[in-house]
Structures are given as C-alpha cells and as structure tokens.
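Protein sequences, first through last, are from chains S, G, H and P. When we follow the working numbering, the leftmost residue of the first sequence carries the number 3, and every step to the right adds one. When we follow the working numbering, the leftmost residue of the second sequence carries the number 3, and every step to the right adds one. When we follow the working numbering, the leftmost residue of the third sequence carries the number 3, and every step to the right adds one. When we follow the working numbering, the leftmost residue of the fourth sequence carries the number 3, and every step to the right adds one. Glycine included, each C-beta is placed from N, C-alpha and C at the ideal position. Scroll down for the structure; my scribbles are underneath it.
4 protein chains.
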Amino acid sequence: MQTAVLRLNCDDKKGIVYNVSKFIFDRGGNIIDSQQHTEELDNRFFMRVHFDRAEMKVTKAEFRRDLAQLAEEFGMETELSFGDERKRIGIMVSKYDHCLYDLFLRHQYGEIKADIAVVVSNHPDLEHVAQNFRVPFFCVPVARENKEAAEERAIALLRQHYVDFLVLARYMQILSGRFVEAFRNRAINVHHSFLPAFKGARPYHQAYARGVKVIGATSHYVTEDLDQGPIIKQEVVHVSHMHSVADLIAMGRDAEKKVLADAVKAHSEDRIMVYRQRTIVFD
Amino acid sequence: MQTAVLRLNCDDKKGIVYNVSKFIFDRGGNIIDSQQHTEELDNRFFMRVHFDRAEMKVTKAEFRRDLAQLAEEFGMETELSFGDERKRIGIMVSKYDHCLYDLFLRHQYGEIKADIAVVVSNHPDLEHVAQNFRVPFFCVPVARENKEAAEERAIALLRQHYVDFLVLARYMQILSGRFVEAFRNRAINVHHSFLPAFKGARPYHQAYARGVKVIGATSHYVTEDLDQGPIIKQEVVHVSHMHSVADLIAMGRDAEKKVLADAVKAHSEDRIMVYRQRTIVFD
Amino acid sequence: MQTAVLRLNCDDKKGIVYNVSKFIFDRGGNIIDSQQHTEELDNRFFMRVHFDRAEMKVTKAEFRRDLAQLAEEFGMETELSFGDERKRIGIMVSKYDHCLYDLFLRHQYGEIKADIAVVVSNHPDLEHVAQNFRVPFFCVPVARENKEAAEERAIALLRQHYVDFLVLARYMQILSGRFVEAFRNRAINVHHSFLPAFKGARPYHQAYARGVKVIGATSHYVTEDLDQGPIIKQEVVHVSHMHSVADLIAMGRDAEKKVLADAVKAHSEDRIMVYRQRTIVFD
Amino acid sequence: MQTAVLRLNCDDKKGIVYNVSKFIFDRGGNIIDSQQHTEELDNRFFMRVHFDRAEMKVTKAEFRRDLAQLAEEFGMETELSFGDERKRIGIMVSKYDHCLYDLFLRHQYGEIKADIAVVVSNHPDLEHVAQNFRVPFFCVPVARENKEAAEERAIALLRQHYVDFLVLARYMQILSGRFVEAFRNRAINVHHSFLPAFKGARPYHQAYARGVKVIGATSHYVTEDLDQGPIIKQEVVHVSHMHSVADLIAMGRDAEKKVLADAVKAHSEDRIMVYRQRTIVFD
C-alpha cells in the first residue's frame with residue numbers, strides 16, 4: 003500500500019491543520035483521513051494524518067528530512083510510518099492460550115494489519131499452537147536466579163526477529179525496568195480487571211471478594227509501575243452473585259481477548275498516541 | 003461562540019482536505035476539528051470542519067459567497083452554520099412524558115446545544131410539564147376529519163416560534179407527506195424497536211411474540227415511508243423470557259430516551275449528514 | 003395484592019427447599035416463584051420465595067409465629083414482607099436533580115413498587131421538583147457545627163413519614179455512624195464511579211486523570227466505611243480521549259440514574275439479601 | 003456427577019412447586035437449584051429443578067417410572083437428564099473457522115459441559131482444525147443433485163457418533179425438513195444478524211445498505227422456516243458510518259461466537275425449554 007501515517011503533537015497554535023495539509027499536498031500526497039485532538043488541561047494538540055503517497059514526488063527520505071524542518075518550526079514531536087513497512091509483532095505468553103489463539107485467528111482473518119514474527123514463552127506448553135500457525139516459538143524459562151539472563155535472551159530473540167512491538171498475551175512474569183525501557187510505548191499488556199481497580203495478583207478473586215457486579219479487562223502500555231501504564235482499551239462484563247470465581251475467570255477471558263486484540267490493531271495501524279498517563283486512540 | 007461548522011460532500015478527488023483548510027486559513031479561520039469520511043460503494047466524500055472565526059477577516063456573508071465558488075469548483079454540496087446562531091427546537095408529543103422530560107432535563111444541564119422553542123401536542127395532558135420548564139405549549143387536536151387543518155396549524159406554530167428542527171418525542175400521529183417535506187432531514191423521530199425489525203404499531207408486542215432476547219429503540223429522520231428514514235442512533239436492552247410485554251415497555255423507555263437525546267444533540271451540533279438511506283454521524 | 007415474600011438464609015443442608023415449600027403449602031399458600039443461591043466459599047444458603055396467600059388459612063401473625071419455629075429448627079435468619087404493605091421511601095438530595103426526577107418519573111410509570119413518602123435536602127433548591135410531584139419536602143441545612151442536630155432532625159422527619167428505606171439520590175453529605183446504624187441495610191447510595199475504583203471525592207476528575215476508557219456508577223448500601231458498602235448494581239459507559247471532565251460528568255448521569263433506580267426497585271420488591279460485603283440480588 | 007435436571011411444563015395450578023419438591027425429597031434427592039416461569043399470555047408453567055441424587059434410594063429407571071405418574075396427574079410434559087450422562091455434540095461447518103475454534107477452545111477450558119463427538123463439513127478445508135483438537139472429521143460434499151443422499155450420510159455419521167445435539171457453526175447449507183425433523187429442538191444455528199431483521203442471505207450487506215447503527219448475531223433452534231426458529235441468545239455490536247461491509251463482517255464474528263457458545267452451554271446444561279416460538283432459558 004502506497005500510504006503513510008503521520009502522527010504529531012505540539013502546543014496548540016493557529017494554522018497547524020492548514021500547514022500540515024499544505025505540507026503533504028505540496029509534495030503530491032493526498033489526505034485520506036485526518037483527525038485531531040486537543041488535551042483540555044494543558045492545550046496540547048495531537049494530529050493523525052493518513053495519506054496516499056502513490057503520486058508523491060519526493061522519496062521517503064526527503065519527506066522525512068522536510069518533516070524535521072516543519073517539526074522544528076512548530077515545536078512538534080512527530081512519528082511517521084509507511085503502509086508498505088508492515089509492523090512485526092513479538093508475542094510473549096506463559097500457559098494460558100486464549101489470547102494467543104485469538105491473535106493468531108484475527109491475524110489469519112486479516113483483522114490485524116501487522117505480522118506475528120515470533121512467540122517467546124517462559125513455558126514450553128504452547129509450542130504446538132505456534133506450530134499450527136507456522137510462527138517460530140522459543141521457550142525461555144525464567145527463574146528467580148536467572149531472570150536477568152533470561153530477559154537478555156528474550157530481548158535478543160525479539161530483536162533477531164525484527165520485532166517492532168511486543169504483546170504480553172497473559173505473560174505471567176513482571177518485566178524489569180531495563181526490559182520496559184527497551185520497549186517503551188511498544189509493549190502492550192492485558193490485565194484481567196477494569197483498572198485501576200484490582201491491580202496486582204488474582205484480580206478475579208479480589209473482584210469476587212468485593213462483590214462487584216461488573217468485571218473487566220484492560221489493555222495498556224507497560225511501564226515500570228505494575229498495572230499503571232497508559233490504558234488503551236477497557237471492556238466489562240456484567241456478573242451477579244450467581245457467579246463463582248471460576249465463572250468470573252471464564253467470563254473474563256472474552257473481555258481479555260477483546261481488549262488485547264483491539265489494542266494490537268490500533269497500535270499496528272498507528273492510531274495511538276501516548277501523552278503522560280493517558281492515550282489518544284484515534285478510531 | 004465565534005465558531006462555525008462547515009459540512010460538505012462531493013465526489014472524492016485529490017486535494018479536497020488541503021483546499022478546504024486553505025480556504026479557511028486564507029480567511030483567518032483556525033480549524034479546531036476536522037473529520038472526513040468516504041462512502042465505499044460510490045466513492046462519495048464527506049467532511050465536517052469545526053473552526054474558530056474569532057480572527058476572521060471576512061463577514062459571514064462574504065464567507066458564504068466565497069464558499070459558493072469553492073463548492074462550484076469541486077461540485078460540492080455545502081452547509082454552513084454559526085456557533086452564535088443557536089438552533090431552535092420544536093417538540094411534538096402525545097401523552098407519554100418520558101422523552102419530553104428527558105429533553106427538558108438534558109437541556110437544563112447544558113447537554114443540548116440548542117434551545118427548546120415550543121411544544122405542540124395533539125393532547126392537553128403534558129401542558130404542565132412544559133409549564134414547569136417555561137416552554138410555550140400548544141394543544142392541536144388531530145382527528146381523521148381535520149388532519150390537514152391540524153397539520154397546517156402545527157406547522158404555523160412551529161414557524162411562528164422560528165423552529166429549526168423538529169423532534170417527535172413519542173408523537174403518536176403519522177405526518178403527511180407535505181409535513182415531512184416541510185421538515186426534510188430536520189424532523190427526528192424515535193421508534194421503539196431496533197429497526198428494521200418491528201416496524202409499525204406495537205413493536206414491543208411484536209418483540210414479545212417473536213421471543214427476541216434484545217429489544218431496542220431507534221432515532222431516525224422522518225421520511226414518507228413509515229419507520230424507514232435514515233437511522234441516526236440505535237440502542238438495545240437485553241431481555242429474557244422473564245419479561246412481560248409491560249416489562250419490555252418499561253425497559254425500552256430508557257433506550258428511547260437515549261437514542262432520541264443523542265440524535266438531538268448530534269443534530270444541534272451539525273454532526274449529521276444524510277446520504278441516501280444512511281447517515282454519517284461525526285463524533 | 004395478596005402475596006408475600008419470604009427471604010431466608012442458613013447453613014446449607016439437605017431438604018431446605020422441600021421443607022420451605024411444604025411449610026407454605028401446608029398453610030394454603032401457593033408458590034409463584036422461588037429462587038436459591040449458595041455462597042461457594044462458606045456454603046451459606048439463601049432463598050427467596052414469592053407466594054400467593056389469597057387462599058391462606060392462617061393470619062399474618064400466625065404465619066410469622068410458625069415461621070419462627072421453622073427458622074429455629076434450621077438455624078435460619080428470615081425476613082417476611084407482604085404485598086399489601088407497600089414500602090415507603092425517604093429520599094435525601096442536595097442540588098443535583100437528575101436522580102430525583104428519575105425516581106419520581108419511574109414511580110409515576112409504576113416501575114417502582116413502593117411509595118415516595120418524603121424528600122429531605124440540605125439545600126432548598128429542589129423543593130419545586132418535589133412540589134410538582136406532590137411529595138412533602140423538608141430543607142434541613144447541615145453545617146459543620148450543627149451536623150448532629152441536623153441528622154437528628156432528618157431522622158425524625160423520616161420516621162414521622164414512616165420511611166422504610168432511604169435513598170441518597172446524590173446527597174452530598176457523609177452520614178454519621180449513628181445515622182448509618184439507624185438505616186443499616188436500608189440506606190441506598192449512588193457513587194459516581196465503578197467502585198472500588200475512584201472512591202471518595204470527584205471520581206470523574208480522578209477517572210479523567212487516570213485516562214480510563216470506561217466510567218461508571220455504583221449503587222450500594224451505606225456503611226460506616228465511605229463507598230465500601232455492599233454493591234447492589236453497577237453500570238459503565240465507554241469513553242475516549244475526546245471526552246472532557248464535563249463530558250464524563252454528563253455521560254455518567256445516565257449510569258447514576260440507572261443503578262440507583264435498579265437498586266430502589268430491587269429493594270422495594272425484597273429481592274436483595276446482604277451477606278458480608280456482598281449482595282445476593284434475585285432477578 | 004451424581005446430579006440430575008428435571009424440566010417440566012404444564013398448565014399453571016396450585017401446589018406444583020410443593021409437589022415436585024416433595025417428589026424429589028421423598029426419593030432421597032436434594033434440590034440444589036430450582037427455577038420457575040409462567041408464560042403470561044396463556045398461563046403455562048415451566049420449571050427446572052437441579053438436584054443431587056447421591057443419596058437417592060431409587061434407581062434411574064424407578065425415578066423415571068414414578069415421574070411418569072406425577073406427570074400424568076398434573077398433565078405435565080417432562081424431560082429428565084443425568085449429570086453422569088454427558089451430552090455429545092455434533093458440529094457442522096463449511097469454511098469459516100471462527101465458531102469452530104471458539105467451541106473447541108471453550109470446551110478445552112471446561113466452559114462447555116458436553117463433549118464434541120464429531121465434525122461434519124461439506125468442504126475439506128477445516129479438517130486440520132478438528133485434527134488439532136483430536137475430533138473425528140468427515141467431509142460430506144453437498145451438491146444440488148446429491149443433497150438427499152448427502153444429508154442421509156451426514157445423519158448416519160451423527161448417529162454413529164451418538165450425537166445428542168447438533169451445532170451449525172456457520173454451516174452454509176439449508177437443512178431439509180427431514181433433517182430438521184430428525185433434530186427437532188436439538189439443532190442450534192447461528193445467524194449473523196439480530197433477527198428478525200435481515201433474514202436470509204448476506205445480512206451484513208443488508209445491514210450496511212439499510213444504514214443501521216447496530217449489527218448482531220442470533221442463535222436459535224432450526225425449524226422448517228429459515229431463520230425463524232425459537233431464539234436462544236442475541237448479541238449486538240455498535241457500528242457507525244465508518245465501517246465498511248468488511249468491517250461489519252469482522253466485528254460480527256465476535257458476536258456470532260458468543261451467541262453460539264452461550265446457546266451450546268445452555269443446551270448442554272438443560273437450561274432451555276422451547277414453547278411455541280419462544281424459549282425459556284434459565285440462568
């Protein structure tokens with residue numbers, strides 16, 4: 003696809019939309035879709051432009067170089083990506099397979115506009131699933147005493163497979179600060195509660211004990227603070243006194259799959275921008 | 003508010019987004035938000051631009067005149083509205099008061115960016131509600147033999163109160179073709195089913211008989227074909243065998259209020275464009 | 003209505019359902035609906051029986067006396083209520099009127115099987131609403147220095163109007179332990195978040211700052227611990243980066259009305275049983 | 003599991019709940035859960051009793067024989083099933099695999115209390131999926147000229163694998179009346195719209211053309227009238243003008259999986275009773 007996505011943010015000021023459309027038009031691009039947002043508390047402006055570059059007169063490199071100038075002029079942070087450079091996904095899992103299957107199947111149906119490059123797990127159990135979908139699988143066991151080495155090995159494997167972003171599909175290990183840093187705003191986790199409620203371990207047990215009438219799941223970017231990264235997507239499911247903890251776990255799986263898949267799709271299509279603890283997710 | 007909304011549609015071609023932003027920028031306007039959409043089947047392009055005209059160098063009339071030229075050049079249909087010209091709503095009701103109260107209360111909370119100018123009813127029952135909210139109320143009884151005269155009187159009352167658009171808040175009379183024509187794409191009705199299921203009379207009874215597990219409500223623009231106008235908003239409610247027809251009626255009221263209010267809000271803010279039997283509703 | 007509702011709970015053991023149905027049958031009652039639940043963690047059994055007593059051979063007093071014997075035999079806690087003794091509701095409000103209107107209107111439509119006996123407010127603002135619906139309104143201002151006296155006056159007014167249970171319809175004062183005790187498991191509050199997230203003040207502001215993608219509302223019984231009482235009902239609304247704090251407040255109102263009304267309906271119909279920090283809410 | 007489920011329906015009359023509980027109690031059974039429902043239009047009574055028979059003094063055959071007497075006395079239709087006789091599922095598919103995977107995975111997680119006995123398809127494409135989950139797969143091609151023979155072969159295969167009920171997991175052939183008759187109230191289909199809207203072929207295309215703002219899916223028992231059998235479960239998904247037909251198809255898959263799985267679970271646990279064109283589905 004001869005398209006590109008430009009995302010930018012800067013302090014709000016007059017003429018940005020015009021200047022960005024002019025910038026693209028002048029180089030022979032044609033805007034397919036453009037979206038904007040202004041954060042109300044501090045007047046920060048965000049924009050995503052999806053444009054056709056089939057008739058563009060400049061190379062990717064020239065476009066990038068010119069964009070840097072525009073960015074300097076307006077004090078913009080920019081990100082640029084091209085439709086013909088599909089992103090590559092690295093998935094990390096442990097023993098639960100529902101999110102893994104869900105990602106494979108959605109990918110197969112063409113819902114996810116990116117490729118699944120590799121699966122890394124701290125357990126060998128799910129190798130057969132990766133095999134069925136013809137995706138390389140590596141088992142990297144993690145024990146307390148080898149955690150640093152294991153993480154290094156995992157990062158090496160991810161790099162070796164040219165992974166652009168990471169999906170923790172119910173991966174049951176906490177990533178170290180170094181790992182988090184290596185995938186800043188590029189590692190998506192799913193937590194099995196409607197955060198900020200029920201952070202940490204066993205959220206369905208917490209939910210049962212508290213007697214809530216909804217349970218949920220949250221996908222978010224991983225940060226150093228456990229379960230506190232910028233939220234991408236949330237779903238809930240209505241429950242009642244009838245449901246045991248086991249029921250909550252079963253009912254929650256659908257929500258987990260959904261929020262994780264939606265986050266992966268949005269990230270793959272460059273629809274997300276992170277600002278402080280919030281995300282802007284353009285439809 | 004020194005803002006304006008421009009809506010336009012035309013056959014898709016290169017450079018529209020750029021030319022529209024340039025048009026506004028050249029006249030001193032500043033784009034706050036812009037949204038686009040292309041109908042996939044026939045490549046029709048739609049755009050809504052919300053812009054600030056506080057520092058605009060041209061009058062409203064000059065802007066309109068120049069816009070006509072741009073429209074001709076691109077073969078555009080355009081609609082322009084100004085933030086300082088709040089729309090005026092005419093409400094028609096019969097005996098059910100839930101939608102009427104809901105609109106009054108949401109207006110009072112500032113959710114609806116328009117003014118409620120007048121209430122017209124074919125029954126006297128709800129006069130006290132209009133009175134409580136200090137809105138003029140007129141009773142225009144409709145009988146088979148006086149229908150034409152009654153409609154003329156209603157239209158006259160709506161015009162007299164400078165009504166920009168009409169809301170049928172569970173109004174139980176079918177409007178004639180002439181009435182529909184007078185408010186083409188400006189009359190919003192609520193039907194108490196998830197259309198196209200259960201058109202016509204007593205949809206909750208139909209739903210009960212069919213044994214559906216969801217009921218719903220639909221807001222749509224009124225056309226000559228009963229319950230077949232372009233849909234603006236739909237909500238559903240999950241139901242079960244436990245619910246009697248009376249329960250469905252009660253549970254449906256919340257959905258009716260919601261879809262009608264959402265349609266009124268969207269219309270008030272010039273977020274809706276009608277294209278054939280579909281609506282584009284920009285968020 | 004010649005019906006009654008018996009609620010009971012006891013340690014689970016064999017034959018309870020049979021013995022309860024026999025108890026009712028032997029006295030000429032006819033079971034319309036019966037529901038059971040067992041709390042999985044400690045095997046506590048709960049039952050609600052709705053029965054017709056039109057052909058009952060015993061008086062209410064005799065039934066109660068016999069029931070006490072059955073309860074002793076099985077170690078049951080029981081509650082009995084009669085369809086011809088409609089409950090009386092006391093509403094407490096401050097300045098927001100959306101929940102108040104909602105309760106009045108649902109009552110008027112017959113959705114709430116109880117009567118609204120009195121409205122008590124710490125502000126005079128909403129007197130006109132109560133007046134429109136012909137319900138006595140009393141203003142009892144609360145200041146730091148008179149809080150105890152004000153609460154006593156409020157309790158006196160509620161008793162004077164034979165209030166069976168209390169509804170805090172966005173009442174902005176924290177009840178003292180003494181007040182809570184007087185209405186143990188009979189005071190329903192609405193909190194404007196999906197608890198346990200965002201306890202305390204300004205939950206919509208907290209939700210905005212955290213960047214959540216759902217907001218919600220919770221109805222619960224009032225206990226000494228703020229916003230930690232047994233949850234009755236929860237609703238959520240999906241939101242996005244586009245929504246300001248003001249939008250969240252507006253969107254949340256619908257959820258607040260819904261969870262409060264549903265709790266009031268369930269309590270009115272004796273459908274709720276409280277067990278520790280959880281509620282059993284029979285449909 | 004030493005449990006059983008008794009379902010019954012009869013004209014409503016006094017003492018049924020009591021007599022049924024007595025019947026079970028007298029034979030040493032212990033009621034775990036019992037639910038009732040009365041259809042309001044014609045006063046038909048429905049009951050489902052889940053009971054423990056670990057300490058039962060009678061054999062299954064004796065229980066059945068005695069039950070027949072009770073049934074005659076009250077004019078009841080009854081169905082009895084035992085927890086130690088797990089139902090066996092036959093799945094029919096064509097080329098779409100999402101519902102098939104979903105059923106396999108939910109079964110593997112223990113969500114479905116029945117066994118998947120066999121998969122029959124009119125295409126060879128999905129054999130590898132059945133293989134991965136170790137379930138026999140048979141390809142029975144259907145062409146216009148061999149339809150009757152093909153159906154006979156399919157029915158024979160289903161019988162050979164002791165199939166109790168049939169699941170059409172996006173099976174793209176219409177069953178003949180004879181096939182329907184062989185699995186009366188035991189064949190569950192999923193239709194990709196919120197019926198009764200958009201019956202027949204290509205419902206997502208119909209939905210797009212009509213411009214609806216929700217799409218959905220429906221699971222129902224198969225009858226001779228296409229897409230008109232008793233509805234078991236319905237889900238909807240909110241959509242907007244932004245979504246193409248391809249988007250609707252993708253978004254609908256989640257709803258299809260959900261309504262089909264929920265129907266399969268409910269049928270497996272004997273929670274469904276069919277009455278005319280409606281279903282009673284006990285939680």
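Your pair I234 of chain H and V165 of chain H does not check out as a contact, with CB atoms roughly 18 Å apart and the cut at 8 Å.
Judged by beta-carbon spacing, H240 of chain S lies beyond the 7 Å limit of V261 of chain S, meaning their Cβ atoms are not closer than that value. Using beta-carbon distances, P126 of chain P does not count as an interface residue toward chain G, since no partner is under 7 Å.
Nearest to N148 of chain G by alpha-carbon distance, out of G:F139, G:N124, G:E79, G:V192, is G:N124. Per DSSP, R204 of chain H lies in no alpha helix (DSSP H) and is assigned neither H nor E. In the three-state reduction of the DSSP assignment, Q175 of chain H falls in the coil class. Unbroken alpha helix (DSSP H) stretches of 4 residues or longer found wholly inside the stretch 56 to 116 of chain G: 62 to 76, 100 to 110, given in chain order. Rounded to the nearest whole angstrom, the C-alpha separation of A73 of chain S and E87 of chain S is 23 Å.
Taken in chain order, the unbroken stretches of alpha helix (DSSP H) that lie wholly in the stretch 139 to 172 of chain H and span 4 residues or more are 149 to 162.
For the 7 Å CB-CB criterion, G218 of chain G and E237 of chain G form a contact. For the options H:D44, H:N21, H:H222, the alpha carbon positioned closest to that of D28 of chain P is the one of H:N21.
Cβ-Cβ separation between I114 of chain S and S221 of chain S: approximately 14 Å, too far for a contact (criterion under 8 Å). A buried status is given to S23 of chain S, since no fewer than 16 other beta-carbon atoms sit within 10 Å of its beta-carbon.
What G202 of chain G touches in chain P, judged by beta-carbon distance under 9 Å, is nothing: the nearest beta carbon there is about 13 Å away. Residue range 233 to 240 is occupied by the beta strand (DSSP E) that includes K235 of chain S. From the listed residues H:R67, H:L168, H:F84, the smallest Cα separation to H52 of chain H is found for H:F84. Per DSSP, Q133 of chain H is one residue of the alpha helix (DSSP H) stretching across 129 to 134. With a beta-carbon spacing of about 17 Å, L128 of chain G and L168 of chain G fall beyond the 8 Å limit used to define contacts. Counting only Cβ-Cβ distances below 8 Å, E113 of chain P has contacts in chain S at A252, in chain order. Taking the C-beta atoms as reference points, L159 of chain P is found no nearer than 7 Å to N191 of chain P. Chain H has a Cβ within less than 7 Å of the Cβ of L107 of chain G. For the pair R90 of chain P and A116 of chain P, the Cα-to-Cα distance works out to about 6 Å.
Bridge partners of G218 of chain S according to DSSP: S:V238. Taking the Cα of S36 of chain P as reference, the smallest distance to any Cα among H:R46, H:A248, H:R50, H:D272 is reached at H:R50. Taking a contact as a CB-CB distance under 8 Å, the pair Y210 of chain G and V182 of chain G does not count as one, their CB atoms being some 30 Å apart. Of all residues in the stretch 254 to 277 of chain S, none comes within less than 8 Å of chain G when Cβ atoms are compared. Taking the C-beta atoms as reference points, D229 of chain H is found nearer than 7 Å to K201 of chain H. In this structure, DSSP gives L8 of chain S an extended state, which the three-state scheme calls strand. Annotation: S178 of chain G to E258 of chain G spans about 23 Å, alpha carbon to alpha carbon.
Distance between H109 of chain H and D249 of chain G, taken at the CA atoms: about 14 Å. Contact check for P232 of chain S and V266 of chain S: beta-carbon distance about 15 Å, past the 8 Å limit, so the pair fails to qualify. Where E42 of chain P is concerned, there is no enclosing beta strand (DSSP E), because DSSP gives it neither an H nor an E. Shown here for V7 of chain H: same chain residues with a beta carbon closer than 6 Å to its own, the five before and five after excluded, namely H52, S83, D272 in chain order.
Short of 7 Å from the beta carbon of M174 of chain P, and not among the five residues preceding or following it, lie these beta carbons of its own chain, in chain order: S96. For H39 of chain P, the closest Cβ of chain G is nearer than 7 Å. Within chain G, no residue has its beta carbon less than 8 Å from that of Y206 of chain H; the closest one is some 14 Å off.
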